[in-house]
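J.: Going left to right, the sequence shown walks through residues -7 to 290 as my numbering numbers them.
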Amino acid sequence: MAKGKGQKVKKKVLITGANGMLGRALVEKLGERYAVKGITIDDADITDLDAIAKVITKIKPALVIHAAAYTKVDECESNISLAYRVNAIGTRNVAIACQGIDASMVYISTDYIFDGTKDSPYVEFDPANPLSIYGNSKLAGEVFVQQVLSRFYIIRTAWLYGEGGANFVDTIINKAKTEKQLKVVDDQRGSPTYTKDLADKIGEVISREGYGIYHITNSGSCSWFEFAKKIVEISLKKNRSYMTYKTSIVPIKSSELKRPAKRPANSVLRNFMLELEGISLMRHWEEALKSYLSNGDS
Ligand SMILES: NC(=O)c1ccc[n+]([C@@H]2O[C@H](COP(=O)([O-])OP(=O)(O)OC[C@H]3O[C@@H](n4cnc5c(N)ncnc54)[C@H](OP(=O)(O)O)[C@@H]3O)[C@@H](O)[C@H]2O)c1
């Protein structure tokens, strides 16, 4: 919006899934640089092409960041139609709406499009091979975006946590207060990623016309077990009251959990496109975690 003589008009950016964990961070962080409008399922259900096209056409953003998704990975295994309707068709609908007003699009995708069998971090040019309905439906969304649009960013991220969402960090802290023993899987590796850091980096990526697929996560990697141990360790240092909790964290194998959806053993995403494009990598996941645990100050 124009603010006066000499001041630049901010680029209009629409964000879907604005009530979600990442959506909230995007609305907050990008609001500093862009004219942001966040929409939720109450504004338009993305599975309804006419409804989402109507809202996007009315707001007429220059760019849409599509963060809405059906993210309950295990539920997707039994709600297969819903998973594809939201993650694949819903994404296609957002892309068609963008095409209608000549807007570019950011689609948020996932590490779960990979099968995790690679013995080094995945780069953007590695072939996808999802193990789950969630992963496959998100990959179908990627394909639709590429079929419908020429100006898009597909941003694959992983292991998100942040304010306003049910996430692993909060779960571990809450359980550490009440349970004597926490069993956490030690045979899946990834890069825990703070939504605020990701939102900032997305803001940077969309300021350039370098379209394509990007892996964006905090740096470094760990297993869920190592992540849980670090969450408790940092919490103990920050808040003495945790000293009274005697939780022991025990490593287990994924097979012991018997969850409906298979997860990749190696979820580590090398942020290779950022490297190639000369864009700085995000800080180490432990630093980001410390920020989140000190009331989310980044
Ligand atoms: N969380 C992770 O670890 C992770 C990792 C990698 C990639 N991602 C991707 O990152 C993005 C954001 O994830 P998140 O964790 O922030 O998800 P989230 O908290 O579950 O937010 C998703 C939002 O989408 C909305 N939504 C669901 N179905 C919809 C529909 N039919 N129409 C409109 N809105 C709908 C949800 O609304 P309701 O709450 O009302 O259902 C929710 O507000 C997703 O694309 C996800 O696949 C997440």
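We treat Cβ as the ideally placed atom computed from N, Cα and C, and that holds for glycine. Since this is a predicted model, take the numbers as computed values, not measurements.
1) Does DSSP classify N121 as helix, strand or coil?
2) Pick out the complete beta strand (DSSP E) segments inside the stretch 88 to 159, 3 residues or longer, and give them in chain order.
3) With a CB to CB cut of under 8 Å and the five nearest residues on each side skipped, what residues in its chain are close to T49?
4) Would you kindly check if the distance between the Cβ of Y62 and the Cβ of V78 is under 8 Å?
5) Looking at C-alpha atoms only, which residue of I271, I33, V224 and A150 is the closest neighbour of G202?
6) Can you find the residues in the same chain that come closer than 6 Å, C-beta to C-beta, to Y234, ignoring five residues on each side of it along the sequence?
7) I need the boundaries of the alpha helix (DSSP H) containing G204, first residue and last residue.
8) For T109, verify whether its CB is less than 7 Å away from any heavy atom of ligand 1.
9) Hey, out of D189, P113 and T109, whose CA is closest to K282's CA?
10) Where do the ends of the alpha helix (DSSP H) carrying L281 lie?
11) Run the proximity test for N263: is its beta-carbon closer than 7 Å to any non-hydrogen atom belonging to ligand 1?
12) Taking the beta carbon of K193 as the centre, do at least 16 other beta carbons fall within 10 Å, making it buried, or is it exposed?
13) Quick one: does the C-beta of D189 sit closer than 7 Å to a heavy atom of ligand 1?
14) How big is the Cα-Cα spacing for L141 and I51?
15) If you run the structure through DSSP and keep just helix, strand and coil, what is Y186?
16) So is T185 buried or exposed if we call it buried at 16+ other beta carbons inside 10 Å?
17) Indicate the three-state DSSP secondary structure (helix, strand or coil) for A60 in the structure shown.
18) Are the beta-carbon atoms of K3 and A27 separated by less than 8 Å?
19) Let me check one thing: in DSSP terms, what residues is C214 bridge-paired to?
20) Is any non-hydrogen atom of ligand 1 found closer than 7 Å to the C-beta of M13, if you look at the structure I gave you?
21) Let me make sure I understand the geometry here. Which of E269, M274 and R251 has the alpha-carbon closest to that of S70?
22) So the candidates are T163, D103, V161 and A168; which of them puts its Cα closest to the Cα of A121?
23) Between the stretch 110 to 121 and the stretch 157 to 173, are three or more C-beta pairs nearer than 8 Å?
24) Between Q180 and S246, how many whole angstroms is the CB-CB distance? I'm expecting something under 8 Å.
25) Indicate whether E171 and T239 have their beta-carbon atoms separated by less than 8 Å.
26) Who are K175's beta bridge partners in DSSP?
27) Helix, strand or coil: how does DSSP classify I51 here?
T.: Once the coordinates are examined:
1) coil
2) Uninterrupted beta strand (DSSP E) stretches at least 3 residues long and entirely within the stretch 88 to 159 occur at 96 to 102 and 144 to 149, given in chain order.
3) A89, G92 and I93
4) yes
5) Comparing Cα-Cα distances from G202 to each of I271, I33, V224 and A150, the minimum goes to I271.
6) The predicted position of Y234 is uncertain, since its pLDDT is 49 and thus under 50; no value can be drawn from it.
7) Looking at the DSSP string, G204 is not in any alpha helix (DSSP H); the run it does join, the beta strand (DSSP E), is G204 to H207.
8) no
9) D189
10) W277 to L285
11) no
12) buried
13) no
14) 19 Å
15) strand
16) buried
17) coil
18) yes
19) G182
20) yes
21) R251
22) It is worth fixing the name first, because residue 121 is Asn in this sequence and not Ala. Of the candidates T163, D103, V161 and A168, the one whose C-alpha sits nearest the C-alpha of N121 is D103.
23) Under the three-pair Cβ rule at 8 Å, the stretch 110 to 121 does not count as touching the stretch 157 to 173.
24) 6 Å
25) In this structure, T239 lies closer than 8 Å to E171 by Cβ.
26) V242
27) helix
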